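Data first, discussion second: the structure below is written as C-alpha cells.
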Amino acid sequence: MTDFQPKSDFLATLIERGYVHQASDLAGLDALAAKGGVVAYVGYDCTAPSLHIGSLISIMMLAWLQRTGNKPIALMGGGTTRVGDPSGKDETRRILSIEDIEANKNGIQRVFSNLINFGNGTIDARMVDNAEWLAPLNYIEFLRDVGKHFSVNRMLAMDSAKLRLEREQELSFIEFNYMLLQSYDFVELARRYGCNLQMGGSDQWGNIVSGIDLGRRMGTHQLYALTCPLLTTASGAKMGKTASGAVWLNEDLLSAYEYWQYWRNTEDADVSRFLKLFTFLPMGEIVRLSALGGAEINEAKKVLATEATALVRGRAAAEAAADTARRAFELGETASSLPTVEIAAGEVDAGLGLLNAFLKAGLVSGTGEARRQIEGGGLKVNDNAVSDPRATLSRSDFNSDGAVKLSLGKKKHVLLKLV
RNA sequence: GGGAGAAUGUCCCGAGCGGCAAAGGGGGCGGACUGUAAAUCCGCUGGCUAAGCCUUCGUAGGUUCGAGUCCUACUUCUCCCA
961 MTDFQPKSDF LATLIERGYV HQASDLAGLD ALAAKGGVVA YVGYDCTAPS
1011 LHIGSLISIM MLAWLQRTGN KPIALMGGGT TRVGDPSGKD ETRRILSIED
1061 IEANKNGIQR VFSNLINFGN GTIDARMVDN AEWLAPLNYI EFLRDVGKHF
1111 SVNRMLAMDS AKLRLEREQE LSFIEFNYML LQSYDFVELA RRYGCNLQMG
1161 GSDQWGNIVS GIDLGRRMGT HQLYALTCPL LTTASGAKMG KTASGAVWLN
1211 EDLLSAYEYW QYWRNTEDAD VSRFLKLFTF LPMGEIVRLS ALGGAEINEA
1261 KKVLATEATA LVRGRAAAEA AADTARRAFE LGETASSLPT VEIAAGEVDA
1311 GLGLLNAFLK AGLVSGTGEA RRQIEGGGLK VNDNAVSDPR ATLSRSDFNS
1361 DGAVKLSLGK KKHVLLKLV
C-alpha cells in the first residue's frame, strides 16, 4: 500500500493522512477518483441517539471525498439496525424497537451537515435510509434473487461469523443475515445512485467485499472497497471511551467543553496521527505541530482540540471551549463558562452538606464516593481541598456572582450557582 | 429426549472448609511525579442521615443461632449421549 503512487487527490489525501487500511483495487479506484467519478457511501447503525468519535474517521473520509471532487452518500441503517451486525461483537445485541431506531436516526443525522454539504448538485452529498428498500423486501423473492448468490460455507469462514463460532458464542440467524443485507445495500445504492465505493472500518471488510461480489453476480458496474483502521490510542485503549462513557458527537450528550477536553488530553504519541485524521489542517502545518517536543506539544494538543471541536460543534463553540479551558487551567480563573449547575439559595441557607453539593454538581455518583474522594484529597471548593466530610456550604463560599467552584481532581470543574 | 456442569460485587474476568460487604486481576476514579501526556508508585472502587444502619452472590422456598457456601423446585447457558 505504501508503494502505491496515487494520481487522484482523493486517494493521495487519504493515504497521506493515514485513513487507508485496506482497499480492493487501488489503481482502479484511483483512476475513477481522478476524474471525479467516485460515488461512495458509508453506512451507520442507528443503535444510539448519536454517533461517537469511533465513527468520525469514516465521516472524515466522506468529507475528504467531497473536498476532492467526488460524491458522498451517508447511509442510515434504519433497516439493517433492525437486524444487528455481529461484526466485531462478542454478544448478540438486543433488538431495538423500530421507534427507537427512528429516534436514533434523527439524532445521528444532525452531525453530518457540519462536515459535508448536502443538496442536489453532482458533488452534493445525499443522505438515505436503507429501510427504504429493506423494509418492503419479500422474503421468498429476496432468497431467490439475493440469497442464491451466497455460500454459507464462505460466510462461516468470514471473521464476523468465525469468531463467534470458534468461541462458541451464540450467533443468531437474524445476525447471520446481516451480511446479506449490507451486501444488498451496496447493490441497491449502485443501482439507484451510481454508487461505486463503500468505505468503513476495517471490521467491515468482509461485509463490503461480499457486497462487491454480489454486485458482480447481479450485474452492477464495478464496485470498490476501502477501509480505515480501527483506532486505538497509543497505549492501546479503544478510542472514544471515557469514564463517563462514549465520546458523543452530539452536543446534547456531551458538551463542547468536554468534547474539547477529550482531545486536549490526547497522548503525546497520538498527536500527529490525530491531527491528520481529525482535522482539515494542511499537512505542512501538521508536520510543524508534530515536531514540537516536550511541554511544547501541548500547543499542538490545543490546536487539535480546537480544530476537532470546530468540525463537529462549529468554530464558535470550539473557541469558547478553548477559552474556558485556558482560563480554568492556565490563568486559574473561575471562568463563568464552566459547566454550571443551579441551586436554590434556600437550600444553601438551610445548610447544604458538601457531600451533597458535589452530588448535585454531578461530580460524584453518591455521597459515599464523595467521602472517598475527600480521603484521597480529590475534592476542592474554590480550589481549596476539602478535608472534613461533615462540612457544609455557606453563603460566604459564593463569590459576588453567586457561584462556587467545585472540583473533582485537577480537570473536572463545575460551578454551583445560586438562583 | 437422557446425562453432566455453570450462574458471584449492576463495567468485565474471577476465588470463595456454614461466620462474608465476600480474595485476586483488568478497567475506572483520586493522589504523587510531570506538561491537563505517557510510564511508574500509592490510595480507593455496594448504598446511606456513616464509630452505626441497610442491601448484595440467577429466581423462589427450606434446613440452621447464622447460608454465596447445605437441601428442594424453577429459569437461563454450556458440554456429553441420542
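Mind the numbering: the first sequence is residues 961 to 1379 in this note's numbering, read in order. Beta carbons: idealized from backbone N, C-alpha and C, even for Gly. Since the structure is predicted, the reported quantities are computational estimates derived from the model, not experimental observations.
Where Q1158 is concerned, the enclosing beta strand (DSSP E) starts and stops at L1157 to G1161. Around the C-beta of G1039, 16 or more other C-beta atoms lie within 10 Å, and the residue is accordingly described as buried. In the structure shown, A1251 adopts coil according to DSSP, grouped into three states. Under the rule that a run must span 4 or more residues, the alpha helix (DSSP H) segments found entirely inside the segment 992–1068 read 1016–1027.
Nearest to L992 by alpha-carbon distance, out of I1019, A1280, L1353 and K1031, is K1031. Counting the other Cβ atoms within 10 Å of the Cβ of F1358 gives 16 or more, which makes it buried. The Cβ atoms of V1207 and Y1184 do not sit closer than 8 Å to each other. In the structure shown, M1087 falls within a strand segment according to DSSP collapsed to helix, strand and coil. Annotated three-state conformation of H1373 is strand, per DSSP. S1354 carries a coil assignment under DSSP once its states are collapsed to helix, strand and coil.
Under the 10 Å beta carbon count, T1082 is surrounded by fewer than 16 other beta carbons and is classified as exposed. Beta-bridge analysis with DSSP links A1185 to Q1158. The Cβ-Cβ distance between G1336 and V1374 does not fall below 8 Å. Inclusion of Y979 and C1188 in the CB contact set at 8 Å is warranted, their separation being smaller than that value. DSSP lists V1341 and V1374 as the beta-bridge partner residues of L1366.
Rounded to the nearest angstrom, the gap between the Cα atoms of A1255 and N1225 is 13 Å. Excluding five sequence positions before and after D1005, the CB atoms of its chain that fall closer than 8 Å to its own CB belong to G1037, T1040, T1041 and D1045, given in chain order. Membership of T1300 in the beta strand (DSSP E) is indicated by the continuous run T1300 to I1303.
Look at the segment 1205–1229 and you find these whole runs of alpha helix (DSSP H), each 4 residues long or longer: 1216–1224. Relative to L1149, the option among Y1001, V1301 and F1240 whose CA is nearest is Y1001.
Between the alpha carbons of R1027 and I1019 lies a gap of roughly 12 Å.
DSSP links G1313 through a beta bridge to T1352.
DSSP places F970 inside the alpha helix (DSSP H), whose first and last residues are D969 to R977. Per DSSP, N1167 is one residue of the alpha helix (DSSP H) stretching across W1165 to R1177. Scanning its chain for C-beta atoms nearer than 7 Å, with the 5 sequence neighbours on each side dropped, one finds around V1263 the residues L1249, in chain order. For S1162, the closest C-alpha among the options F1146, L1190 and V1169 is that of L1190. Residue pairing of A983 in beta bridges, as defined by DSSP: L1186. Here R1286 is exposed: its Cβ has fewer than 16 other Cβ atoms, across all protein chains shown, within 10 Å. Counting the other CB atoms within 10 Å of its CB gives N1090 a total of 16 or more, which places it among the buried residues. Boundaries cannot be given for S1360, as no alpha helix (DSSP H) includes it and DSSP labels it neither H nor E. For F1078, the beta-bridge partners assigned by DSSP are A1085.
Burial state of A1278 is buried, judged by a 10 Å Cβ sphere holding 16 or more other Cβ atoms.
For S1232, the enclosing alpha helix (DSSP H) has its first and last residue at V1231 to F1238. At least 8 Å separates the beta-carbon of D1105 from that of L1035. Between N1167 and M1139, the CB-CB gap stays under 8 Å. Less than 8 Å divides the Cβ of W1220 from the Cβ of A1265.
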